[in-house]
Each structure stands twice: as C-alpha cells, then as structure tokens.
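For the sequence shown, this note's numbering gives the first residue as 135, with consecutive numbering after it. Ideal Cβ positions, reconstructed from N, Cα and C, are used throughout, including at glycine. Source: prediction; values computed, not measured. Reading through the structure tokens given below for one structure.
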Amino acid sequence: MLSSTSSQAGSSVIEVLVAMALFLLIVPAIIFGLITSRDGQPQSENRFEATLLLRESVEATRVMREGGWSTFAQNGEFHPVVSGSVWSLQPGSELVGNFTRTITISDVRRDAAGNIVDAGGELDPSTKKVVSRVSWIQPRESQVSATLYVTRFLGNTVQVDSQVAEFNQGEYDQTVVTSEAGGAVTLEPNTKGQWCAPSLSQTTFDIPINNPAKTIWATEGHVYVGAGNNTNSTTDSYAHMLVTGGDPPSSSLHGKLRGYQTNDVFGEGNWGYIATTNDDKEVVIINHNQYSDPGQQVYQEAGYFNTGYRFWLWNVNDTNDAQALFTMGNRGYVAANNYIYVFDLSSKSGSRPQIGSRINFANSGDTAGQIYGRVVGGETFLFIAVQGSTPEELKILNVTNPNNSSQWRVVGDINIEPNGCSSLESGKAVYVNPAGTRAFISSTNDSIFKEFVTVNTANKSAPSVVGGTMSYPVCNDGGGYESGGMDPEQSVVVGTLENRAILVGVDAPGGPNSEEYQVLDLTNEAHPQYCGGLHVDAGIRGISSVKEADGDAYSYIITNDQAQDLQIIQGGPDGNYLESGTYTSGIFDAGVESAFYALQASPELPVNTTLQFQVALADPVAGSCQNAVYEFVGPDKTSTTYFSATGGSLPTDTDGVGYENPARCARYKAYLTSSNYSATPKIFDVTMTYAP
135 MLSSTSSQAG
145 SSVIEVLVAM
155 ALFLLIVPAI
165 IFGLITSRDG
175 QPQSENRFEA
185 TLLLRESVEA
195 TRVMREGGWS
205 TFAQNGEFHP
215 VVSGSVWSLQ
225 PGSELVGNFT
235 RTITISDVRR
245 DAAGNIVDAG
255 GELDPSTKKV
265 VSRVSWIQPR
275 ESQVSATLYV
285 TRFLGNTVQV
295 DSQVAEFNQG
305 EYDQTVVTSE
315 AGGAVTLEPN
325 TKGQWCAPSL
335 SQTTFDIPIN
345 NPAKTIWATE
355 GHVYVGAGNN
365 TNSTTDSYAH
375 MLVTGGDPPS
385 SSLHGKLRGY
395 QTNDVFGEGN
405 WGYIATTNDD
415 KEVVIINHNQ
425 YSDPGQQVYQ
435 EAGYFNTGYR
445 FWLWNVNDTN
455 DAQALFTMGN
465 RGYVAANNYI
475 YVFDLSSKSG
485 SRPQIGSRIN
495 FANSGDTAGQ
505 IYGRVVGGET
515 FLFIAVQGST
525 PEELKILNVT
535 NPNNSSQWRV
545 VGDINIEPNG
555 CSSLESGKAV
565 YVNPAGTRAF
575 ISSTNDSIFK
585 EFVTVNTANK
595 SAPSVVGGTM
605 SYPVCNDGGG
615 YESGGMDPEQ
625 SVVVGTLENR
635 AILVGVDAPG
645 GPNSEEYQVL
655 DLTNEAHPQY
665 CGGLHVDAGI
675 RGISSVKEAD
685 GDAYSYIITN
695 DQAQDLQIIQ
705 GGPDGNYLES
715 GTYTSGIFDA
725 GVESAFYALQ
735 ASPELPVNTT
745 LQFQVALADP
755 VAGSCQNAVY
765 EFVGPDKTST
775 TYFSATGGSL
785 PTDTDGVGYE
795 NPARCARYKA
805 YLTSSNYSAT
815 PKIFDVTMTY
825 AP
C-alpha cells in the first residue's frame, strides 16, 4: 500500500510539469497569432504603398538620368520632386505620409578585370550606384529598397575626321593629307636625299686647322676631326665643328687642340678624345667648354690616359702609339700595338686609371684598324678590326669584368681572308649592329678577294661569314662585296632599317678609276649589291654618318683635298616615301565634360608599314581647350604605349593631372612608319566616341 501511494504521487507531479510546459509553449504562440492577426492587414498595406513609392523613385531616377549625366551624377542623399512633368532631385530625404523616402547616389569602383568591388580598385567615373529606400515605423519598423547601377552610356556622340578639311585642322610632321577617298593621311613623299642616289651638298668646308684631316667621328650637330702629321706645338691635332640644320647645312668651328699627332678620334657632347703618338699620353681628353686660348679657339686639355703598365716590380712606359679609340659609358678603350687597354672615365680630369690588365688581341707589331663596342645581354664586347700579320681580321673581346676569368679576354675571332688567297690580313674598319649579332668588316683592296663582308656574331665565340668564307684557290667566292679598284679606308652601316652600308677610300695603286664613295644594299647581307656612288678623286680618308631626330641623314667625309676637306653627302631611305612621320589632330571641344569611350580608325597597311595611335584628353584652361595641356598616352595611360592601327578603348583617369577621362578637350596623334619605302600606311578616318 505504501509503495503504491508514492508511485501515484510521483506521477501527479510529472503530469503537472508537462501541463505547465505545454502552457508556456502554446500561450505565446496564441498571443503572437492574435497580435499578428491584428497588425497583418496594416503592415501589408504599408508594404504595398512603400513598394509603389519605391517604383516611383526608380522610374524618376531613370528619367532624371536621361535628362543629363552632369546634373545627375552627384554623390549624396536626395529625394525626387516633380514639377509638372519634370522630375528633379532635391537634397535630403522626404516624408510621404508615414513613409520616409531616400535616394542615395555613390561612386563605383572596379578591379583590374572591370568587376565592381566594394573597396580598392579604381574609380569608374562613368558609373554611379543608386540605392532607393522607403521605410516606415508603424506597426513595425520596416523598409523596401532597390539598387541600380547607372552609366553615362546613353545616346553616345561621335567626332569624325575623314575629309581633307577635317584632317587639315591638325598638324603634320613628315606626313601629308591627300584627297584619296575624300581625305587620307599618309607619309610625306621622299624629296630628300637617298642613300643610293648620293650627291654632294652645295656646301663644302675647309676645316680651319693647319694639319691634314685624318680621322672623323660625328653625332647629330657635331663633327669631330683628328689631324696631324707631326707633333709641333703650333700644329692642330683636333677640331670640333658645330653643324646646324638647313639645306644645305652650315658648319662652324667650336674649338681645336694643338700639339699631338692624332690617329683616331671620338666625341660625345662636352668631351672629345684623341688617340695620339705621345708616349706619355696615348689618349688625350678635351673639355669642349674650356679654352686655354679663347682668341684662337684652342681648347683646354682636361685629362689623359697613359698605356704604361706594371711588370713585376717595375712600371713600364709603353712607347707604342695609340691606333684606335672608343668610349662607352664610364669607360674608354684604346688599342696600342697589339694590346687593348681599358681606362676609367667616371671623371675626365687628370691621369685616368687603367681598369684590369691589358688584353693581347694580336701578334706583336699588329694594330687595330678600328674598335667598336656594344653591350649585349648585360655584357660588354669589343669588336676589333685587326691589321698586320695576325690571320684573323676580326677579334671579339669580352671586357665586362676584369675579375672574371671567363671574361676580360678574346672570346672569338675569324679569318675572312683564307690562307693562300692573300697575305694582306688587313681589317680596316668594323661596325656592329645594336643587337651585336652582325659585324661589317672592310679590308685592304686585293684583286682576288672581296673587300667588304658581313659576319654573323650572334655566337661571339664562333663568328662566321654570312654567305660562307672565301675558299682557296677561288678566293672570290663565298659572301661579301668586291669594291673594284677602290682601296677601302673605312666603312659604315647607315641604318639597320634602310639596309645600307657605305664604303669609302682611295683608288688602289695600278687599279681602275673606281668611285671612292660606294653605297651598298644589304638586303641580301650575304652578297651586298652596289646601288650608288660618287667620284671623289682626291680620295676619302674617313666617314661618319648621322641620322638626325627629324629624319634627315648625312654622311660626313674627310678628303685629301685640304681646301675642302670636310664634305657632306645627304642620304636617306631609297623610295617614294619617308620612313616615319606623325599626324596630330586638331583640338576637339566637347562643350561639357564627357566620357570618351573609344578611338576607332580605318587604315590601309601595306606590307612593312605600321600605324599606331596615342590619345590626349584634358581639362580646359581658362575655359578654353586651346589653352589645355595635352599629354599623349596609350592604353596604360603612359607615353610609352600605343593603341593599335584600328584604335581601342580609352582608359579613365580622374587624378587631376595630365591625361583625364572624363574630359572636355581631346586630340589624337598617329605614328606612321614604313620600311618598305615604296609604300605608306594610310588613315582614311578616325572616330572618337564620347558621351556628355
């Protein structure tokens, strides 16, 4: 009995607890249901009204965007207001009955792939984020919203140049406009000199020095001449001439140096260098800005290099003359006897120290006809034309690092005149293309072998004659060019694009009266072809050719005629058109700040011609696009890149400096080139697409 009563009491307690739990679960649900039932109808009505207000905001946004981007695309909080049938945005939110309505406009940023991002990236000035919201508080706090991305792209406008009158608003630099197809921009017809049709300039110069000119080097606007058959202190050793543009050009003496016998010359702006026969100063450095005798225009000697070397414990003074000279960067290179010496030019004053040990490049008693230096793949190479008993006419030296055993030595050579064909072994001159893959060698005249050859130097340790080496007993087979009765003194390649070389010299003893100035077409580099020449009966001692920034090209030659020892021959591409030119469009004023989307062009591009574009978009200055500063850029907004011949999409930029997009003022610039001088690229129309 007692046990049964306890069991019943425990069951009653459990039942009470279960009942209470059910009550606590059910009653709140019943209460919530009653509340929801009471508020449901008003809340639904509010949401319906709010949705109508939201739709009105969205539609008003679209209408206002169509009214103009500049008045719409302002960041901030606004509300729509209608006056008659015209919508406008007013600052702040608005109360419409029990509702608060707000339109928020903000910037959009994009990553490098053009995707919209919340942070980082680059500002997109032609897109705005528009968030419309309608909120209410009773019976419960709620809101509805809609997000739009609105772009400037609406009713785009175009600016087109396609007619003669439209192109004539621009500026031409070695380009012209023709009437073809209503209007077209092309390269200018070639009315200048041509390499293969040489003619002496109307102007010749008597270099105002009292010694025969012997060697020459030229850069744009400057001619450097080495002279001297003796070392008298009153005789001139060096002259620096200034050359000014014109047709014909003019020349004047800037200064000279006395007291040395000069074998080679090199010049660069403020400094001149001569290779001399002086035992203590094989190289003399000349300051073009200082004079020891201003009245006589005699320069101040600045520094020197002595080829003396150290042998065990003794300093040995090398009495061999300096024969060839080259400078590059902060180093000078000079050949004396059969050695190359490298010296420091980080300063030009006083005695210049030697770098590393001297390098033997030939047999004792042999010399260098010419030195040419190139930096290839981070390494510095010297190419030496060798004269004397050494069989190889070309030596290649690596002079990068004196402390590297695999460098600072001869790394390659080639005998272009095979044994049995000749014993002259005389490399007079060498020129090396900028890539360091071709060396052009001229040598002493011989009736049984060729005087000019092209050497493949891509592999510096194993150079080879392009077209094959001449073989014994034929001797005139293989690659190269036969100069006839002319004995070459020097040769120069005048431009890798033009594929031309010039060979100059004197008539060989007993040979025919050949042209002393011969131009070669290098299109077939294995077998260069004669394409033009001139008789300079006095003989030519040296040549240096210059391609100026404006496209003019000249050969400066020194002759054995002391009354007119400096002569100028105008050159240039052989064809109907100039090799390059630019066209800069007229200034376009969009009237208001606009987003420029694209530049599109319709070109004609014959083989071996190119066309590229750059664009300049700018803000007006003093309210005028005529005063704006135009910086031409390519797709990455720098001056070093270009749009293709058909144009491309224009980048945006809002940093307030230089190129800007959106902008009000616009120009484009076209770059035309041709290495096929019988054809030209043509521009028939250019279209710029923009949206105000």
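Rounded to the nearest whole angstrom, the C-alpha separation of Arg181 and Trp270 is 9 Å. Minimum Cα-Cα distance from Arg196 among the listed residues Ala247, Gly248, Tyr283 and Val242 corresponds to Tyr283. A straight line joining the alpha-carbon of Gly317 with that of Ser736 spans about 12 Å. By the neighbour-count criterion, in which 16 or more other beta carbons inside 10 Å mark a residue as buried, Thr461 falls on the buried side.
Following the DSSP letters along the chain, one finds Ser260 inside the beta strand (DSSP E) bounded by residues Glu256 to Trp270.
The Cβ atoms of Thr285 and Ser266 lie no closer than 8 Å to each other.
Beta-bridge partners assigned by DSSP to Val510: Glu513. Burial is judged here by how many other beta carbons sit within 10 angstroms of a residue's own beta carbon; Thr378 has fewer than 16 and is exposed.
Membership of Val298 in the alpha helix (DSSP H) is indicated by the continuous run Val298 to Phe301. Setting aside the 5 residues that flank it on each side, Gly618 is surrounded in the same chain by Ser648, each with a C-beta closer than 6 Å to its C-beta; the list follows chain order. As computed with DSSP, Trp203 is found in no beta bridge at all. Excluding five sequence positions before and after Gly327, the CB atoms of its chain that fall closer than 6 Å to its own CB belong to Gln704, Gly705 and Gly706, given in chain order. Beyond the five residues adjoining it in sequence on each side, Asp307 comes within less than 8 Å, by CB distance, of Gly715, Thr716, Tyr717 and Thr718 in the same chain, given in chain order. Counting only residues of its own chain and dropping the five nearest sequence neighbours on each side, Glu682 has a CB closer than 6 Å to the CB of Glu354. Shortest Cα-Cα distance from Gly362 to any of Phe212, Leu528, Ile408 and Pro740 involves Ile408.
Under the DSSP assignment, Val566 falls in the beta strand (DSSP E) whose first and last residues are Gly561 to Val566.
Looking at the backbone, the Cα of Ser605 and that of His356 are separated by about 43 Å. Taking C-beta atoms under 8 Å as the contact rule, Ile350 and Ile677 qualify, at a distance of about 7 Å. By the Cβ-count criterion, Asn471 is buried, with 16 or more other Cβ atoms from all chains shown falling within 10 Å of its own Cβ. Following the DSSP letters along the chain, one finds Tyr425 inside the beta strand (DSSP E) bounded by residues Val417 to Asp427. Excluding the 5 residues flanking it on each side, Gly210 has same chain C-beta neighbours closer than 8 Å at Pro225, Thr238 and Ile239, in chain order. DSSP lists Lys262 as the beta-bridge partner residues of Asp241.
About 43 Å separates the Cβ atoms of Arg798 and Val680, ruling out a contact at the 8 Å cut-off.
Look at Leu806 here: in three-state DSSP terms it is strand.
The stretch 480 to 492 makes no contact with the stretch 500 to 509; the number of CB pairs closer than 8 Å stays below 3.
Judged by DSSP secondary structure, Asn397 falls within the beta strand (DSSP E) whose first and last residues are Thr396 to Glu402.
Within a 10 Å sphere around the beta-carbon of Asn633 sit 16 or more other beta-carbons, which makes this residue buried.
Bridge pairing for Thr309: Leu321 [DSSP].
Assigned with DSSP and collapsed to three states, Asn532 falls in strand. Judged by DSSP secondary structure, Ala573 falls within the beta strand (DSSP E) whose first and last residues are Arg572 to Ser577. When the beta-carbon positions are compared, Asn549 and Glu527 come within less than 8 Å of each other. By the neighbour-count criterion, in which 16 or more other beta carbons inside 10 Å mark a residue as buried, Val216 falls on the exposed side. When DSSP reads this structure, Trp405 sits in a beta bridge with Glu402 and Asn421. Val197 sits in a helix when the DSSP states are folded into three classes. Shown here, Asn761 sits in a helix according to DSSP, grouped into three states. Comparing C-alpha distances from Asn344 to each of Gly546, Lys594, Ala373 and Ala687 shows the shortest one belongs to Ala373.
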